[in-house]
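Chemist: This is the structure I have questions about; it appears just below.
There are 2 protein chains.
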Amino acid sequence: MTLRIALDAMGGERGPEEMVIGAIQAVEESDLDVTLIGDENVLNRVLQNHPRASSRLHIVHASQTVSMDESPFEAIRKKKDSSIIRAFEQIKNGEADGVVSAGNSGATMVSAIKSLGRLENVLRPGIASIFPTLKNPLVMMDVGANVDCRPQHLFQFGVMGSAFSDNLFQIQKPRIGLLSIGEEGGKGNVLVKSAHELFRKSSLNFIGNVEGRDIFQGDVDVIVCDGFVGNVCLKVSEGLAEAIMTMLRTEMSKSFMAKVGYILARQAFRNFGKRVDYAEYGGAPLLGVNGTGIVCHGRSNAKAIKNAIKVAAEMIRSKVNGHITQMLSEFNPAQAEEVQNESDAVQKPGEIE
Amino acid sequence: MTLRIALDAMGGERGPEEMVIGAIQAVEESDLDVTLIGDENVLNRVLQNHPRASSRLHIVHASQTVSMDESPFEAIRKKKDSSIIRAFEQIKNGEADGVVSAGNSGATMVSAIKSLGRLENVLRPGIASIFPTLKNPLVMMDVGANVDCRPQHLFQFGVMGSAFSDNLFQIQKPRIGLLSIGEEGGKGNVLVKSAHELFRKSSLNFIGNVEGRDIFQGDVDVIVCDGFVGNVCLKVSEGLAEAIMTMLRTEMSKSFMAKVGYILARQAFRNFGKRVDYAEYGGAPLLGVNGTGIVCHGRSNAKAIKNAIKVAAEMIRSKVNGHITQMLSEFNPAQAEEVQNESDAVQKPGEIE
Numbered sequence: 001m002t003l004r005i006a007l008d009a010m011g012g013e014r015g016p017e018e019m020v021i022g023a024i025q026a027v028e029e030s031d032l033d034v035t036l037i038g039d040e041n042v043l044n045r046v047l048q049n050h051p052r053a054s055s056r057l058h059i060v061h062a063s064q065t066v067s068m069d070e071s072p073f074e075a076i077r078k079k080k081d082s083s084i085i086r087a088f089e090q091i092k093n094g095e096a097d098g099v100v101s102a103g104n105s106g107a108t109m110v111s112a113i114k115s116l117g118r119l120e121n122v123l124r125p126g127i128a129s130i131f132p133t134l135k136n137p138l139v140m141m142d143v144g145a146n147v148d149c150r151p152q153h154l155f156q157f158g159v160m161g162s163a164f165s166d167n168l169f170q171i172q173k174p175r176i177g178l179l180s181i182g183e184e185g186g187k188g189n190v191l192v193k194s195a196h197e198l199f200r201k202s203s204l205n206f207i208g209n210v211e212g213r214d215i216f217q218g219d220v221d222v223i224v225c226d227g228f229v230g231n232v233c234l235k236v237s238e239g240l241a242e243a244i245m246t247m248l249r250t251e252m253s254k255s256f257m258a259k260v261g262y263i264l265a266r267q268a269f270r271n272f273g274k275r276v277d278y279a280e281y282g283g284a285p286l287l288g289v290n291g292t293g294i295v296c297h298g299r300s301n302a303k304a305i306k307n308a309i310k311v312a313a314e315m316i317r318s319k320v321n322g323h324i325t326q327m328l329s330e331f332n333p334a335q336a337e338e339v340q341n342e343s344d345a346v347q348k349p350g351e352i353e
Numbered sequence: 001m002t003l004r005i006a007l008d009a010m011g012g013e014r015g016p017e018e019m020v021i022g023a024i025q026a027v028e029e030s031d032l033d034v035t036l037i038g039d040e041n042v043l044n045r046v047l048q049n050h051p052r053a054s055s056r057l058h059i060v061h062a063s064q065t066v067s068m069d070e071s072p073f074e075a076i077r078k079k080k081d082s083s084i085i086r087a088f089e090q091i092k093n094g095e096a097d098g099v100v101s102a103g104n105s106g107a108t109m110v111s112a113i114k115s116l117g118r119l120e121n122v123l124r125p126g127i128a129s130i131f132p133t134l135k136n137p138l139v140m141m142d143v144g145a146n147v148d149c150r151p152q153h154l155f156q157f158g159v160m161g162s163a164f165s166d167n168l169f170q171i172q173k174p175r176i177g178l179l180s181i182g183e184e185g186g187k188g189n190v191l192v193k194s195a196h197e198l199f200r201k202s203s204l205n206f207i208g209n210v211e212g213r214d215i216f217q218g219d220v221d222v223i224v225c226d227g228f229v230g231n232v233c234l235k236v237s238e239g240l241a242e243a244i245m246t247m248l249r250t251e252m253s254k255s256f257m258a259k260v261g262y263i264l265a266r267q268a269f270r271n272f273g274k275r276v277d278y279a280e281y282g283g284a285p286l287l288g289v290n291g292t293g294i295v296c297h298g299r300s301n302a303k304a305i306k307n308a309i310k311v312a313a314e315m316i317r318s319k320v321n322g323h324i325t326q327m328l329s330e331f332n333p334a335q336a337e338e339v340q341n342e343s344d345a346v347q348k349p350g351e352i353e
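Structural data, given as structure tokens:
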């Protein structure tokens, strides 16, 4: 069966053309169908620049766009005909199997939950992020959807991240680490110490607390944290990597010798760039919603979009959601009653980023 | 007047010799007196290797050592004759003006508060860290002493960091930013949103929320966060910087051209290394205690120790503590009564790292 991915073609900071090129590349390199959701005049005009675009590329009109700095809840309430809402409605109506968006990540999460609901037993859906490390990529969850968490939420992030890591990276019994500020179980804040107990008592492959410096070593497969800490980690990493490259380039342009050195080592720099390029991983999967969605970086280029579309398809094919549901019923029976409280599933406006 | 700095000569992962060399260098490059605190047999033996060591170097015996992974509260309760306790007693007894330690940072903080108490109006002393940026160094507080905070604690971290930045880096009206996951005031967790209001209503130079990626740009002078988030930031930065250098070196050793390039650009790499070297900044000042203390990285080399000794002297000379007291009486009158609750000043055992 041909899978169909709906792409929020109005999302992202680079404009619709970049999104469309990503979609064209994804279609060319796979057997997927991609539906571009957005202003049909704009999208048709863009497609005219690419006359050989595949017939597996479709357009569905949406007259509105949610901008990057809009309040997610307000935007979703007001802009019923926005590209991101229409994209998730495609899944709801059986017209698509997954969604990719480089737009407002909060609005993407809210639309997903509103259109698709949560998977059984999920207290709080979240955003997982894939980090490059010195070994295998790791999954960190949550990176921004849930800024104030309870221990059970962290526990479920571990379960969901574990299912994702297993299905997408073929890691059997992924090693789950709890992000804290010391390795001993007694280290951390109140939230982390309680979560540590939940993990310790479970039969998950919990390796204990991990620290910020462990993220890039590749000795842990899933890192659990609340969405505030996770989002800070993500942005600190991004900012530092950029600052280091800026400093290195500055130093390397200061002398003739260094400049020659830089030119000779250019390929090494490029290979390095590829290793830490977020575009290689496409985007951050929403886990816990009853459907498949990927949030891409606002600055995503065509390559990132192409890869995100492929990851979305891979998530569907490998049945991550089925695995999450199965694991949650196995590992989390006691907390199931909490799910009744629907209002708990979504944070208050403005808390999602 | 000659300032006297007490150095916990048994702290740090590199052993007493590295500490002693740092002290010797500090004494040679300044007019300071340094007292080495630790096992006098060990220290005398080390000093014999350095026969020309200055007469401004002294030894005070302490028979015990607190190890890096000991619980701070337990260690301080049990090891009355440990080098870190004896170091702060030097200040208490008027025999030293400041303390430097590369040992257990929690134990250092607890000893400092126990021996010296807090400055007037301080709710929670904390650990500030100095980050290199693309422009001026910035002060981040707290980076590990207070893992569960209230909004007033964050507010005071901003005030204390501001006084430090002003006195040590001569930055008039330092720009204070609150670490969050979005720039708008409504973004963040419950703690950060309340703290935002306290800052906004004050007449401090508060520039609003800043994000993880802003840390290294140098457009903010003081970043405020709780000790859990700050410690994670610190360790993520450290881990990522190391991973990036490892990856770059690996790529650069893969081809002959890249190897030659690396050799030609070696000086640029060295200059870069110097810009991001924690040893340049010496260590992290304890702010809010009624005295002067610097916590150094456990892996500190002699250079880091030397610089930390100089920073301690600079803190004393520039009267940072007087400035903190004055600013807190100006900016924080309403919360003063909270200080009565002594038990609040120190976290529960195991929460300090």
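Respectively, the protein sequence lines represent chains A and B.
Here the first sequence stands for residues 1 to 353, numbered as in my numbering.
Here the second sequence stands for residues 1 to 353, numbered as in my numbering.
Where a beta carbon is used, it is the ideal one built from N, C-alpha and C, also for glycine.
It should be emphasised that the depicted structure is a prediction, and the values quoted were computed from it without experimental measurement.
Ordered along the chain, which non-local residues of its own chain (more than five positions away) have a Cβ less than 6 Å from that of lysine 306 of chain B?
Modeler: On the second sequence, residue 306 of chain B is found 306 positions in, with the first residue counted as 1. Correct list, in chain order: Gly22, Gln25, Ala26.
Chemist: Can you find the residues in the same chain that come closer than 6 Å, C-beta to C-beta, to valine 60 of chain B, ignoring five residues on each side of it along the sequence?
Modeler: Within the second sequence, the letter at position 60 stands for residue 60 of chain B. Cβ neighbours of valine 60 of chain B beyond the five flanking positions: Thr35, Ile37.
Chemist: Can you list the residues of chain B that glycine 212 of chain A reaches, using a CB-CB cut of under 8 Å?
Modeler: Locating residue 212 of chain A in the first sequence gives position 212, where the first residue counts as 1. Result: Asn231, Val232, Cys233, Leu234, Lys235, Val236, Ser237, Glu238, Gly239.
Chemist: Which residues in chain B sit within 7 Å of asparagine 136 of chain A, going by Cβ to Cβ distance?
Modeler: The residue labelled residue 136 of chain A in the question sits at position 136 within the first sequence. Those do not exist, as asparagine 136 of chain A stays about 13 Å from chain B at its closest Cβ, beyond 7 Å.
Chemist: What separation, rounded to the nearest whole angstrom, lies between the Cα atoms of leucine 198 of chain B and glutamate 183 of chain B?
Modeler: If you number the second sequence from 1, residue 198 of chain B lands on position 198. If you number the second sequence from 1, residue 183 of chain B lands on position 183. Taking the straight line from one Cα to the other gives about 16 Å.
Chemist: In chain B, which residues lie less than 9 Å from glutamine 25 of chain A when you measure between Cβ atoms?
Modeler: Residue numbering aside, residue 25 of chain A sits at position 25 when the first sequence is read from its first letter. Going along chain B, no residue has its Cβ under 9 Å from glutamine 25 of chain A, so there is no contact; the nearest lies around 26 Å.
Chemist: Would you check if the distance between the CB atom of glycine 106 of chain B and the CB atom of alanine 312 of chain B is smaller than 8 Å?
Modeler: Here residue 106 of chain B is taken as the residue at index 106 of the second sequence, counted from 1. Here residue 312 of chain B is taken as the residue at index 312 of the second sequence, counted from 1. No.
Chemist: Within the segment 185 to 223 of chain A, note down every full alpha helix (DSSP H) run reaching 4 residues or more, in order along the chain.
Modeler: Fully enclosed alpha helix (DSSP H) runs of 4 or longer: 190 to 201.
Chemist: Using a beta-carbon distance cut-off of less than 8 Å, what residues from the segment 122 to 153 of chain B approach chain A?
Modeler: Going along the segment 122 to 153 of chain B in chain order, one finds Thr133, Leu134, Gly144, Val147, Asp148 with a Cβ nearer than 8 Å to chain A.
Chemist: Quick one: does tyrosine 281 of chain B have its CB under 8 Å from some CB of chain A?
Modeler: Counting from 1 along the second sequence, the entry for residue 281 of chain B is found at position 281. No, its Cβ sits nowhere closer than 8 Å to a Cβ of chain A.
Chemist: Starting from arginine 4 of chain B, follow its DSSP beta bridges and name the residues at the other end.
Modeler: As a working note, residue 4 of chain B is residue 4 in the second sequence. Partner(s): B:Asp33.
Chemist: Mind checking which residues open and close the alpha helix (DSSP H) that includes glycine 261 of chain B?
Modeler: As a first step, residue 261 of chain B is located in the second sequence; it is residue number 261 there, counting from the start. Its alpha helix (DSSP H) spans residues 256 to 264.
Chemist: Do valine 110 of chain B and phenylalanine 73 of chain B have their beta-carbon atoms positioned less than 8 Å apart in this structure?
Modeler: Taking the first residue of the second sequence as position 1, residue 73 of chain B is located at position 73. Taking the first residue of the second sequence as position 1, residue 110 of chain B is located at position 110. Cβ distance < 8 Å, so phenylalanine 73 of chain B and valine 110 of chain B count as in contact.
Chemist: Give a yes or no on whether 8 Å exceeds the smallest Cβ distance from phenylalanine 228 of chain B to chain A.
Modeler: The count along the second sequence starts at 1 and reaches residue 228 of chain B at position 228. Closer than 8 Å: yes.
Chemist: I'd like the list of long-range same chain contacts for glycine 350 of chain B, defined as Cβ closer than 7 Å, with 5 residues on each side in sequence excluded.
Modeler: By 1-based counting over the second sequence, the position of residue 350 of chain B is 350. Residue placement at glycine 350 of chain B is poorly supported in this model, since its pLDDT is 38, which falls under 50; the coordinates are not used for a value here.
Chemist: Please determine, among A:Ser83, A:Val260, A:Gln267, the residue with the shortest C-alpha to C-alpha distance to glutamine 267 of chain B.
Modeler: As a first step, residue 267 of chain B must be located in the second sequence, where it is residue number 267. Nearest C-alpha to glutamine 267 of chain B: A:Val260.
Chemist: Using a Cβ-Cβ distance cut-off of 8 Å, determine whether valine 260 of chain A contacts chain B.
Modeler: Locating residue 260 of chain A in the first sequence gives position 260, where the first residue counts as 1. It does; some Cβ of chain B falls within 8 Å.
Chemist: Let me know if asparagine 93 of chain A comes out buried or exposed under the rule of 16 or more other beta-carbons within 10 Å of its beta-carbon.
Modeler: Translated into positions along the first sequence, residue 93 of chain A becomes position 93. By the 10 Å Cβ count, asparagine 93 of chain A comes out exposed.
Chemist: Mind pulling the chain B residues with CB within less than 7 Å of phenylalanine 216 of chain A?
Modeler: In the first sequence, counting from the first residue as 1, residue 216 of chain A sits at position 216. What phenylalanine 216 of chain A touches in chain B: Gly239, Leu240, Ala243.
Chemist: Answer yes or no: does any C-beta atom of chain B fall closer than 8 Å to that of asparagine 356 of chain A?
Modeler: In the structure as shown, chain A begins at 1 and stops at 353. Residue 356 of chain A is therefore absent and cannot be evaluated.
Chemist: Are glutamine 162 of chain A and leucine 204 of chain A close, meaning C-beta to C-beta below 8 Å?
Modeler: Translated into the one-based positions of the first sequence, residue 162 of chain A becomes position 162. Translated into the one-based positions of the first sequence, residue 204 of chain A becomes position 204. According to the sequence provided, residue 162 of chain A is serine. The question's glutamine does not apply to it. Yes, these two residues count as a Cβ contact at 8 Å.
Chemist: Three-state secondary structure (DSSP) at glutamine 172 of chain A?
Modeler: In the first sequence, the residue the question calls residue 172 of chain A occupies position 172. If DSSP states are grouped into helix, strand and coil, glutamine 172 of chain A belongs with coil.
Chemist: Hey, how far is the Cα of serine 180 of chain A from the Cα of alanine 145 of chain A?
Modeler: Numbered from 1 along the first sequence, position 180 holds the residue referred to as residue 180 of chain A. Numbered from 1 along the first sequence, position 145 holds the residue referred to as residue 145 of chain A. One C-alpha to the other measures close to 19 Å.
Chemist: Taking only the alpha-carbon atoms, compute the straight-line gap between arginine 270 of chain A and methionine 257 of chain B and give it to the nearest angstrom.
Modeler: For this step, residue 270 of chain A is matched to residue 270 along the first sequence. For this step, residue 257 of chain B is matched to residue 257 along the second sequence. Computed Cα separation, rounded: 14 Å.
Chemist: Measure the alpha-carbon distance for histidine 323 of chain B versus leucine 32 of chain B and round it to whole angstroms.
Modeler: Taking the second sequence and counting its residues from 1, the one referred to as residue 323 of chain B is at position 323. Taking the second sequence and counting its residues from 1, the one referred to as residue 32 of chain B is at position 32. Each residue's Cα considered, the two are about 23 Å apart.
Chemist: Taking just the CA atoms, how far does lysine 193 of chain B sit from glutamate 342 of chain A?
Modeler: In the first sequence, counting from the first residue as 1, residue 342 of chain A sits at position 342. In the second sequence, counting from the first residue as 1, residue 193 of chain B sits at position 193. In this prediction, glutamate 342 of chain A has a pLDDT of 39, which is less than 50 and means its spatial position is unreliable; what the coordinates show is noted afterwards. Their backbone Cα atoms lie some 24 Å apart in a straight line.
Chemist: Cα-Cα, which of A:Val232, A:Gly126, A:Ile130 is closest to aspartate 221 of chain A?
Modeler: Taking the first residue of the first sequence as 1, we reach residue 221 of chain A at position 221. Nearest C-alpha to aspartate 221 of chain A: A:Ile130.
Chemist: Quick one: residues in its chain with C-beta nearer than 7 Å to the C-beta of valine 346 of chain A, no 5 flanking neighbours on either side, listed in chain order?
Modeler: For the purposes of this step, residue 346 of chain A is identified with residue 346 of the first sequence, where counting begins at 1. Low local confidence applies: a pLDDT of 43 at valine 346 of chain A is under 50, so the model's placement there is unreliable, with the coordinate-based value given in what follows. Same-chain partners within the cutoff: Val110, Ile113.
Chemist: Measure the beta-carbon distance from serine 63 of chain A to aspartate 81 of chain A and round it to whole angstroms, keeping in mind my assumption that it falls under 8 Å.
Modeler: As a first step, residue 63 of chain A is located in the first sequence; it is residue number 63 there, counting from the start. As a first step, residue 81 of chain A is located in the first sequence; it is residue number 81 there, counting from the start. Their Cβ separation, rounded to whole angstroms, is 5 Å, which keeps serine 63 of chain A and aspartate 81 of chain A in contact under 8 Å.
Chemist: Pick from A:Leu234, A:Ser202, A:Asp226: whose alpha carbon is nearest that of phenylalanine 216 of chain A?
Modeler: By one-based count along the first sequence, residue 216 of chain A stands at place 216. Minimum Cα distance to phenylalanine 216 of chain A is reached at A:Leu234.
Chemist: With the cut-off set at 8 Å, would you say glycine 408 of chain A and cysteine 225 of chain A are in Cβ contact?
Modeler: In the structure as shown, chain A starts at 1 and stops at 353, and residue 408 of chain A therefore has no counterpart that could be examined.
Chemist: By how many angstroms is the C-alpha of lysine 201 of chain B removed from the C-alpha of glycine 227 of chain B?
Modeler: Counted from its first residue, the second sequence places residue 227 of chain B at position 227. Counted from its first residue, the second sequence places residue 201 of chain B at position 201. If I take the Cα positions, the gap works out to 23 Å.
Chemist: When the Cβ atoms of the segment 286 to 302 of chain A are set against those of the segment 280 to 288 of chain B, are three or more pairs found closer than 8 Å?
Modeler: The answer is no - the segment 280 to 288 of chain B does not touch the segment 286 to 302 of chain A, with fewer than three Cβ pairs under 8 Å.
Chemist: Take glycine 188 of chain A and list the residues in its own chain whose beta-carbon comes closer than 8 Å to its own, dropping the five residues that flank it on each side.
Modeler: The residue labelled residue 188 of chain A in the question sits at position 188 within the first sequence. Cβ neighbours of glycine 188 of chain A beyond the five flanking positions: Leu178, Ser180, Ile181, Gly182, His196, Asn209.
Chemist: Does the beta carbon of alanine 312 of chain B sit closer than 8 Å to a beta carbon anywhere in chain A?
Modeler: For the purposes of this step, residue 312 of chain B is taken as the residue at position 312 of the second sequence. Output row for alanine 312 of chain B: interface = no.
Chemist: Cutting at 6 Å between CB atoms, please list the residues of its own chain near valine 42 of chain A, excluding the five before and the five after it.
Modeler: Position 42 of the first sequence, counting from 1, holds the residue named residue 42 of chain A. Hits under 6 Å: Pro16.
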